[in-house]
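One structure is given here, and the rest of the page talks about it.
There are 2 protein chains.
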Amino acid sequence: MEIKYSKIANSLKASEIREILKLSEMPQIISFAGGMPASETFPIKELAKISKKVIEEDGNIALQYTATEGYTPLRETIAKERMTKLGVKTSAEEILIISGSQQGLDLIGRLLIDENDTVICENPSYLGALNAFRLNNPNLIGIPMDKDGMIIEELEKVLATDTTVKLIYTIPDFQNPTGVTMSLERRKRLAELATKYKVIVAEDSPYGELNFNKRTLPSIKSFDRDGYVIFIGTFSKILCPGNRIAWMCAKKEILEKLTQMKQAVDLQSSTLSQRIIYFYINKYDIEAHIENINTLYLKRRDVMINAIESFFPKDVGITRPSGGLFIWVELKQEIDTAELLKKALTLNVAFVPGKAFFVDADKRNFLRLNYSSMNELKIEEGIKRISKLLTKYYN
Amino acid sequence: MEIKYSKIANSLKASEIREILKLSEMPQIISFAGGMPASETFPIKELAKISKKVIEEDGNIALQYTATEGYTPLRETIAKERMTKLGVKTSAEEILIISGSQQGLDLIGRLLIDENDTVICENPSYLGALNAFRLNNPNLIGIPMDKDGMIIEELEKVLATDTTVKLIYTIPDFQNPTGVTMSLERRKRLAELATKYKVIVAEDSPYGELNFNKRTLPSIKSFDRDGYVIFIGTFSKILCPGNRIAWMCAKKEILEKLTQMKQAVDLQSSTLSQRIIYFYINKYDIEAHIENINTLYLKRRDVMINAIESFFPKDVGITRPSGGLFIWVELKQEIDTAELLKKALTLNVAFVPGKAFFVDADKRNFLRLNYSSMNELKIEEGIKRISKLLTKYYN
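Given below as structure tokens:
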């Protein structure tokens, strides 16, 4: 067999790390590797009841095809509730329901990127976004970050000199993988730069509502006067990911193109999932539910940071996110975290080596820790195990 | 606002017909325009019960992320039951769960097509497939059909002269839009040609099990010795489309690339939907369910053909499918069915004009009729209304 694949398909390689991380799914492993929400937060009883009711009472519609744009009452609720919370005035016409945030990234990639066009992102950034964009063969440029997110002056240098920039990708809230949040000032500047350089900003905010301070910053989209910002939100982290329901919010002209593309790539998102989520929001208090999630994650974050401070060598650098799912760890230059992971697995603990999150530089001394999906005892025990591996590299 | 879209996004145009067909969704319209299964066949009680049970008993898994490949027990069941019925010996390793057949078409397009590569399809063919492939800017070549499907001699002429052919797309069973089924002999020949010319065949079979004769032909995939055939099957027509669960069956090497692509475009298909379908199949008799669907559709097809024979002018040409959802109608050369549709909507009846299904030629005198989604009374009444419009062109 000798298959004539497309250029893109030829460039796909099996990821060694992905293969290793499959081991982290074994039940005996304490895994800080995934980005999974805590399944004990899922409103199981409520969703079970709703799903039965939706199918029983409306099955002829809920199990049938529906419009590509999505279920109108759900789009209205998202516009009115979720987007308003982020400071965005919008309406159902500017909301497209998608099959998870990842689909939004794919659609944006196709909407904007021709081969060798420049895509700007934070460095490091979400690997899944980079992989979605890479299907269009872009030139990826990573902008360094500090404690306030992407350094806007560095961004503007690129915008001022590179005329092929098509997209700025950012995760402003509790970024993946660093946990860093972009400051209010930079959000405003980024929206201004988008207009000035006529470049689209993709604002990906899966963690925005997982805010331990209850002080949600306005989204970049809220400062978008001219329609250059496309916002992506999701129910995966505030309700459950298994339903695959997320949304994009964009100016109508853009949304129409995204809708045509979505029609070509999967016709529509699940009619049933859309209705289940709509009826959950309508009947139960999702704000109270999100508060419960945040109470749990705050506790877990604290347990993880306390354990790191107690057991890790003093020189290890960490971020202290005030929301989201991840802590980012910087080790001594000479430590290769891919090698460290192999050793960690022999101690039944896992994390993600940082290298794959970087766009360009060959940085091997970082790792990402997730604190949402393991209980407090396991978090402490897992950090102890990693610290055992680290101590021999330090002092 | 002035957005620098990708070449593909710039080429997207709002479809005039699509806008007109939105009118066909109004409740007073007798619509033969869609391709929807009859919602009265959906096993509503059973699915309501199962969904509640799946969430209640397994919610922490059923609402969580899962592997891109899909739920293993469902993949095993598909390999063992659905694929065996089509004469294919395979295993779960060769099955990828996807979010509807449409996603399979998109994944295949990206797997194989670079700009200006040739894609061969039947002429006419499924518009949604053409649109998925068009996102990769191919050179589309349509092969004429007769009552036994794609004319294989015409196909081989193209294969023998065009070295850029990357894909042959076919709907061998009760084709959309014509209702025509590819003969056994041609299925074998097509599999041979795929090997001879090292070209992938995408065998799209959403209607294969909607067979009024109970005589299912072996799939093209069943004659595929060397792995050049990718089969796409779906639960949309034999259970319900609102769950968005379908599958691809391909040789492992190919399936791995498709899986990597799926991970980049939407991570995974709905965990919940996969489990609901799996438990339905496991607990209930899906073969009996499919028989009930076929009994209903056969009755509706007969009512439609009888009404056409009673009321349409004698010179109108129609196909007489022995399964699936569609009848294809050829009118006098001078009739433009897009214009006819506008008149039909004033009589509250709708169909799809045939032009968009053709790859190249400007053929305006065809239309597609769906008989699955309207009841018998409406089918007869709708055909009468269309015949009123037709009589003045004939005499």
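Here the protein sequences come in this chain order: G and P. Counting in the UniProt record's numbering, the first sequence runs from 1 upward without gaps. Counting in the UniProt record's numbering, the second sequence runs from 1 upward without gaps. C-beta: ideal position from N, C-alpha, C; glycine also.
With DSSP collapsed to three states, give me the class of D204/P. As a working note, residue 204/P is residue 204 in the second sequence. D204/P falls in the strand class under three-state DSSP.
Cα-Cα, which of L12/G, M1/G and S31/G is closest to L341/G? Residue 341/G sits at position 341 when you count from the first residue of the first sequence. Among L12/G, M1/G and S31/G, the Cα nearest to that of L341/G belongs to S31/G.
Report the option in Y371/G, E40/G and T234/G whose CA atom is closest to the CA atom of L105/G. Taking the first residue of the first sequence as 1, we reach residue 105/G at position 105. Closest by alpha carbon: T234/G.
On the DSSP letters alone, give me the boundaries of the beta strand (DSSP E) that R385/G sits inside. Stepping through the first sequence from its first residue, residue 385/G is reached at position 385. Careful: R385/G lies outside any beta strand (DSSP E), inside the alpha helix (DSSP H) at E376 to T391.
Do you know offhand how far R368/G's Cα is from S387/G's? Position 368 of the first sequence holds residue 368/G. Position 387 of the first sequence holds residue 387/G. Distance between the alpha carbons of R368/G and S387/G: 14 angstroms.
Does the count of Cβ pairs from the segment 70–87 of chain P and the segment 237–254 of chain G closer than 8 angstroms reach three? no
Name the DSSP bridge partner or partners of residue 423/P? Residue 423/P falls outside the range modelled here, since chain P spans only 1 to 395, and no answer is possible.
Using a Cβ-Cβ cutoff of less than 8 angstroms, which residues in the same chain neighbour K283/P once the five nearest sequence positions on both sides are dropped? For the purposes of this step, residue 283/P is taken as residue 283 along the second sequence, with counting starting at 1. Excluding the 5 residues flanking it on each side, K283/P has same chain C-beta neighbours closer than 8 angstroms at E46 and I50, in chain order.
Here's the rule: buried if 16 or more other CB atoms are within 10 angstroms of the residue's CB, otherwise exposed. What is A361/G? Here residue 361/G refers to the residue found at position 361 of the first sequence. Exposed, by the Cβ-count rule.
Assess, as a yes-or-no matter, whether the segment 7–25 of chain G is touched by the segment 321–331 of chain G under the definition of 3 or more beta carbon pairs within less than 8 angstroms. no
By alpha-carbon positions, which one of L130/P, D146/P, K147/P and M145/P ends up nearest to N139/P? Here residue 139/P refers to the residue found at position 139 of the second sequence. For the options L130/P, D146/P, K147/P and M145/P, the alpha carbon positioned closest to that of N139/P is the one of L130/P.
Are the CB atoms of N137/G and G109/G within a distance shorter than 8 angstroms? As a position in the first sequence, residue 109/G is number 109, starting the count at 1. As a position in the first sequence, residue 137/G is number 137, starting the count at 1. It is not a contact, given that the beta carbons lie outside the stated cut-off.
Decide if R82/P is buried, meaning its Cβ has at least 16 other Cβ atoms within 10 Å, or exposed. Within the second sequence, residue 82/P is the residue found at index 82, counting from 1. Buried, by the Cβ-count rule.
Any heavy atom of the ligand ZN within a distance shorter than 7 angstroms of the CB on F212/P? The ligand content of the structure shown is nil, which means the ligand ZN is not present either.
Tell me which residues share the same chain as F133/P and place their Cβ nearer than 6 angstroms to its Cβ, disregarding the 5 neighbours each side in the sequence. Position 133 of the second sequence holds residue 133/P. Taken in chain order, the residues that qualify are G109 and V119.
CB P206/P to CB Y65/G, shorter than 8 angstroms? As a first step, residue 206/P is located in the second sequence; it is residue number 206 there, counting from the start. As a first step, residue 65/G is located in the first sequence; it is residue number 65 there, counting from the start. Result no, Cβ atoms of P206/P and Y65/G do not sit closer than 8 angstroms.
contact_flag[the segment 12–23 of chain P, the segment 351–359 of chain P] where n(CB pairs < 8 angstroms) is 3 or more: Verdict: yes, contact present.
For I200/P and chain G, any beta-carbon pair shorter than 8 angstroms? Along the second sequence, one-based indexing puts residue 200/P at 200. Interface residue, yes.
Check whether the segment 264–275 of chain G and the segment 91–107 of chain G touch, using three or more Cβ-Cβ pairs below 8 angstroms as the test. In short, these stretches touch, since the Cβ pair count reaches three.
Would you kindly work out how many angstroms separate the C-alpha atoms of I383/P and R300/P, rounded to a whole number? If you number the second sequence from 1, residue 383/P lands on position 383. If you number the second sequence from 1, residue 300/P lands on position 300. One C-alpha to the other measures close to 12 angstroms.
Anything in chain P within Cβ reach of E56/G, meaning under 7 angstroms, just list it in chain order. As a position in the first sequence, residue 56/G is number 56, starting the count at 1. Correct list: I44 and A48.
Quick one: which chain G residues come within Cβ less than 8 angstroms of A62/P? Within the second sequence, the letter at position 62 stands for residue 62/P. Contact of A62/P with chain G by beta-carbon distance below 8 angstroms involves G242.
Which whole-angstrom value is the C-beta distance of V165/G and A191/G, which I expect to be below 8 angstroms? By 1-based counting over the first sequence, the position of residue 165/G is 165. By 1-based counting over the first sequence, the position of residue 191/G is 191. Not quite, the Cβ-Cβ distance comes to about 16 angstroms (not below 8 angstroms), so this is no contact.
Could you name the residues of the same chain whose beta carbon sits closer than 8 angstroms to that of G128/G, not counting the 5 residues immediately before and after it, in chain order? Here the question's residue 128/G lines up with position 128 in the first sequence. The answer, listed in chain order, is Q102 and L105.
Strictly below 8 angstroms CB to CB, what residues from chain G border D106/P? By 1-based counting over the second sequence, the position of residue 106/P is 106. What D106/P touches in chain G: A264, V265 and D266.
Under 7 angstroms by beta carbon: chain P residues contacting D114/G: Here residue 114/G refers to the residue found at position 114 of the first sequence. Here the neighbours are S6 and K7.
In angstroms with no decimal places, state the Cα-to-Cα distance between T271/G and L63/G. The residue given as residue 271/G occupies position 271 in the first sequence. The residue given as residue 63/G occupies position 63 in the first sequence. Answer to the nearest angstrom: the Cα atoms are 6 angstroms apart.
Supposed close pair S322/G, N176/G - CB separation, criterion 8 angstroms: If you number the first sequence from 1, residue 322/G lands on position 322. If you number the first sequence from 1, residue 176/G lands on position 176. The Cβ separation is near 15 angstroms, so there is no contact.
Taking DSSP as the reference, what is the three-state secondary structure of N123/P? By one-based count along the second sequence, residue 123/P stands at place 123. Strand at N123/P.
Check the C-beta distance from K314/G over to L389/G and give it rounded, since I have them as a contact under 8 angstroms. Locating residue 314/G in the first sequence gives position 314, counting from the first residue. Locating residue 389/G in the first sequence gives position 389, counting from the first residue. The pair is not a contact, with the Cβ atoms about 16 angstroms apart (cut-off 8 angstroms).
Can the beta-carbon of T41/G be found less than 8 angstroms from the beta-carbon of I293/G? Start at 1 with the first residue of the first sequence, and residue 41/G comes out as number 41. Start at 1 with the first residue of the first sequence, and residue 293/G comes out as number 293. A contact, by the Cβ cut-off of 8 angstroms.
How far does the alpha helix (DSSP H) with L217/G in it extend, from its first residue to its last? In the first sequence, residue 217/G corresponds to position 217, counting from 1. L217/G -> no alpha helix (DSSP H), and no H or E assigned at all.
Pick out whichever of P124/G, D285/G and L167/G has its Cα sitting closest to the Cα of M150/G. Here residue 150/G corresponds to residue number 150 of the first sequence, with the count starting at 1. Cα-wise, what sits closest to M150/G is P124/G.
Residues bridged to S273/G [DSSP beta-bridge criterion]: To locate residue 273/G, count along the first sequence from 1; it is residue 273. For S273/G, which the question treats as bridged, DSSP gives no partner whatsoever.
Taking only beta carbons into account, state which residues of the segment 209–239 of chain P come closer than 9 angstroms to chain G, listed in chain order. D226, G227, Y228, S236 and L239
State the DSSP-derived secondary structure class of T163/G, mapped to helix, strand or coil. Translated into the one-based positions of the first sequence, residue 163/G becomes position 163. In the structure shown, T163/G sits in coil (DSSP, three-state: anything other than H, G, I, E or B).
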